[in-house]
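Notes to accompany the following structure.
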Amino acid sequence: MPLRSVQQGVIGQFLAAVLMMLGSNGLLEIAAPMSDDDRRDQEVHIRGLFEMGLALQVKTSTYLQRHLHTVYPALQVQFSEVASRLISHPRFWYLFAYLDRKNMCFGDPLFLVPSAIVHSHGYAKQRAGRWHFELQASMSPTAKDI
461 MPLRSVQQGV
471 IGQFLAAVLM
481 MLGSNGLLEI
491 AAPMSDDDRR
501 DQEVHIRGLF
511 EMGLALQVKT
521 STYLQRHLHT
531 VYPALQVQFS
541 EVASRLISHP
551 RFWYLFAYLD
561 RKNMCFGDPL
571 FLVPSAIVHS
581 HGYAKQRAGR
591 WHFELQASMS
601 PTAKDI
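Heads up: the sequence shown at position 43 corresponds to 503 in the working numbering, and the numbers run straight through without jumps.
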């Protein structure tokens, strides 16, 4: 049975939290908001420095695009948002990741991108009161995409 998008989202959020806490040796604190009204999956801050926190939206894809004549595949993530709820703020960021179902982990690299960059540089189209975004990034270890 295929993974539902809500399940995939929850897995991505928990995996991101685990990696941030372990990768920072406990320096980062991650909290999940009780409501999702502001489109935040996680609040991330350095322990004791609450004013330096980031709001994070985690977006994952379980497949990679393979293009002819390229060595590395590309991560492609699509999502949409009601136009009135689109947030571009210096402390609101997106985490884009390939969710490798076979190895049960994120593929390398991950992409941590400010919301304003996503909203201005991603392929965006507005239809029926919603913004639809599509982003592609090379999975090359030296990629500087997005």
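Quick reminder that beta carbons are idealized off the backbone N, C-alpha and C, glycines included.
As the structure is a prediction and not an experimental result, all values here were calculated from the model.
- Rounded to the nearest angstrom, the Cβ distance from Thr522 to Arg561 is 6 angstroms, consistent with a contact under 8 angstroms.
- Around the Cβ of Pro493, a 10 Å sphere holds fewer than 16 other Cβ atoms; the residue is exposed.
- Judged by DSSP secondary structure, Leu479 falls within the alpha helix (DSSP H) whose first and last residues are 465–483.
- Note that the stretch 490–507 does not touch the stretch 528–535; fewer than 3 beta-carbon pairs, one per stretch, sit closer than 8 angstroms.
- Secondary structure within the stretch 548–589: the beta strand (DSSP E) runs of 3 or more consecutive residues, fully enclosed, are 552–560, 571–574, 583–587 (chain order).
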